[in-house]
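**Q** In my numbering, the protein residues as written are 162 to 345.
Glycine included, every Cβ here is placed at the ideal spot set by N, Cα and C.
Next comes the structure, spelled out in C-alpha cells:
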C-alpha cells in the first residue's frame, strides 16, 4: 500500500524530525475534530490531539504501513481521547456554538443554528460509540474498513454500528422536533 505520507515518514525516521510538522499540519484539524466529538470539551480535545501527535511521533518507527498513516494516527487519537474521557469520568458537555461572522443573513444563521442545535442535542443522547461512528462515517467520510482500523472493530460490526447509530440519531431528532413543535 502506498501512501503519500510514507515519503515524509521515511525522512522523519532518517533524522529530518522537523518534517513531522508537515504531518501535524495536514491532520491537526481532523485529529482535533475526532477528539472533540469524543470529549466535547475544546481545551481537553486540543490537549488530547496534541498528546496523540506526540505519541505518534515517538512510535513512528513502529508504524507498519499496512494501512494509511491517517488511519493509524486516528486510531491513536481515538484511544487517547477515550483515555482522557475515562480519566475525568464526567458527563459530556455541549459542543460550543460557532461564532458567526457579521454580515451573514440573520434568517439563514438562525435556521442553521437551529439545525445545529437539534443535531447537537440528538448527538448528546447517543452513546460514545455511536457518536464516534456517526462522526467518522458522515463527517470525516471514512470508509467502513478505515473506521474498523481506527476503532478496532470488525468492518461488519462497524456497518451495523453506523446503521444503528443513524437510526438512533433519527429517533432522537424526531423526539426533539416533536417536543419543539408542541411548544409552538
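Report the three-state DSSP secondary structure of residue 189 (helix, strand or coil).
**A** Of the three classes helix, strand and coil, the one that applies to residue 189 here is helix, per DSSP.
**Q** May I ask you to verify whether the segment 226-243 touches the segment 178-196, counting CB pairs closer than 8 Å and requiring at least 3?
**A** Taking 8 Å as the limit for Cβ pairs, the verdict is that the segment 178-196 does touch the segment 226-243.
**Q** Determine, using beta carbons only, whether residue 341 and residue 283 come nearer to each other than 8 Å.
**A** Taking 8 Å as the Cβ cut-off, residue 341 and residue 283 do not qualify as a contacting pair.
**Q** Can you tell me the Cβ-Cβ gap for residue 326 and residue 287, rounded? I've got them flagged as a contact below 8 Å.
**A** The pair is a contact, with the Cβ atoms about 6 Å apart (cut-off 8 Å).
**Q** Between residue 284 and the ligand NAP, is there a pair consisting of the residue's CB and a ligand heavy atom that are separated by less than 7 Å?
**A** The model depicted lacks the ligand NAP and carries no ligand whatsoever.
**Q** Compare the Cα-Cα distances from residue 244 to each of 203, 196, 225 and 215 and report the closest residue.
**A** Nearest C-alpha to residue 244: 196.
**Q** Which stretch, first to last residue, makes up the alpha helix (DSSP H) that contains residue 332?
**A** Start and end: 316-343.
**Q** Going by DSSP in three states, residue 219 sits in which element: helix, strand or coil?
**A** Looking at residue 219 - three-state DSSP - the assignment turns out to be helix.
**Q** Within this structure, are the beta carbons of residue 242 and residue 209 separated by less than 8 Å?
**A** For residue 242 and residue 209, yes; Cβs fall inside 8 Å.
**Q** What first and last residue would you give for the alpha helix (DSSP H) that runs through residue 309?
**A** From DSSP, the alpha helix (DSSP H) with residue 309 extends over 305-312.
**Q** Thinking C-beta only, is residue 224 closer than 8 Å to residue 206?
**A** Going by C-beta atoms, residue 206 is not nearer than 8 Å to residue 224.
**Q** Among the candidates 293, 295, 281 and 307, whose CA atom is the shortest distance from the CA of residue 338?
**A** Ranking the options by Cα distance to residue 338, first place goes to 281.
**Q** Consult DSSP for residue 226 and reduce its assignment to one of helix, strand or coil.
**A** Residue state, collapsed to three classes: coil.
**Q** Taking only the alpha-carbon atoms, compute the straight-line gap between residue 199 and residue 285 and give it to the nearest angstrom.
**A** Approximately 10 Å, taken between the alpha carbons.
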